[in-house]
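With this note's numbering applied, the sequence shown closes on residue 464, and no number is skipped along the way. Backbone N, C-alpha and C fix where the C-beta goes; we use that ideal spot for every residue, glycine too. Model, not experiment: these values are computed from the prediction.
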Amino acid sequence: MSENTAGDTRPTAVVTGASSGIGHATARLLADAGFRVVCAARRADRVEELAGSIGGVAVACDVTVPADVARLADVAGDAVHVLVNNAGGALGLEPVAGADVELWRQMYETNVLGTLRVTKALLPALVAAGGEGIVVNVGSIAGLLAYEGGGGYTVAKHGVHVMTETLRLELFDQPVRVTEIAPGMVRTEEFSLTRFDGDRERADKVYEGVPGPLIAEDVAEAVVWMATRPAHVNVDLMVLKPRAQAAPHKVHRLPS
């Protein structure tokens, strides 16, 4: 057992991308629910602050770096009850014909291969959790429907969706639940800002006039609900959208 788990009898939850947004909110709510939360993200200072405030454990981890993922698995310990694969994100809104191949590669590396690496590394510990192990992959409605300008992100999130379905089929006889949450429009501190490379004006326009987009805590509450169902209950897929959003491309906006 990792030294980080010694003397701590709480069930363990691992949350990637925990430095902000949905991951940050999910880590807090899992701690409130009684979990020892391993908070993983690239920005060490942020996850250390978060872990310190919730009695968790911080791990500086880039999910695209195998050595970082191996260290995360070591810190998590021999039994992991909840894995929330949240690390990911969107970059750009170029059409497919004008795609920036490097941005597509980064999105695939983080959303798909990052989720794959972490899941592979922690699967033995999830199986060892005595029937209580659950994987919650944070996908997106972009993984279910296409929309113009979202090519690279929709490809990546479709990959997460199909990987989730495939893993569930492959682990049907194992004591691990495999689930996905697919949020729609969520207004967080950094998602759109990252997508537009720090352009605050473009980022703010995404939510302009939208009455009541989701916030990180809305998604976090749903994730924790999924993760704390009885061990025989598998919530295959939860789609969560604000009332104002009927589809990725159809959003009600109030006149300015």
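If you ignore the 5 residues before and after G225, its C-beta comes within less than 7 Å of the C-beta of G231, A249, N294, A295, G296, all in its own chain and listed in chain order. The three-state secondary structure of P274, taken from DSSP, is helix.
Contact between L448 and L422 holds, since their C-beta atoms are separated by about 7 Å, short of 8 Å. For Q314, the enclosing alpha helix (DSSP H) covers residues 309 to 315. For A390, the three-state secondary structure derived from DSSP is strand.
By the neighbour-count criterion, in which a residue is buried when 16 or more other Cβ atoms sit within 10 angstroms of its Cβ, H457 is exposed.
Per the coordinates, the alpha-carbon of V222 lies some 34 Å from the alpha-carbon of E409.
In the DSSP annotation of this structure, the continuous segment of the beta strand (DSSP E) that includes I342 starts and ends at 341 to 346.
Setting aside the 5 residues that flank it on each side, A424 is surrounded in the same chain by G229, I230, A233, T396, each with a C-beta closer than 6 Å to its C-beta; the list follows chain order. Three or more beta-carbon pairs drawn from the region 260 to 279 and the region 314 to 330 are found closer than 8 Å, and the two stretches are therefore classed as touching.
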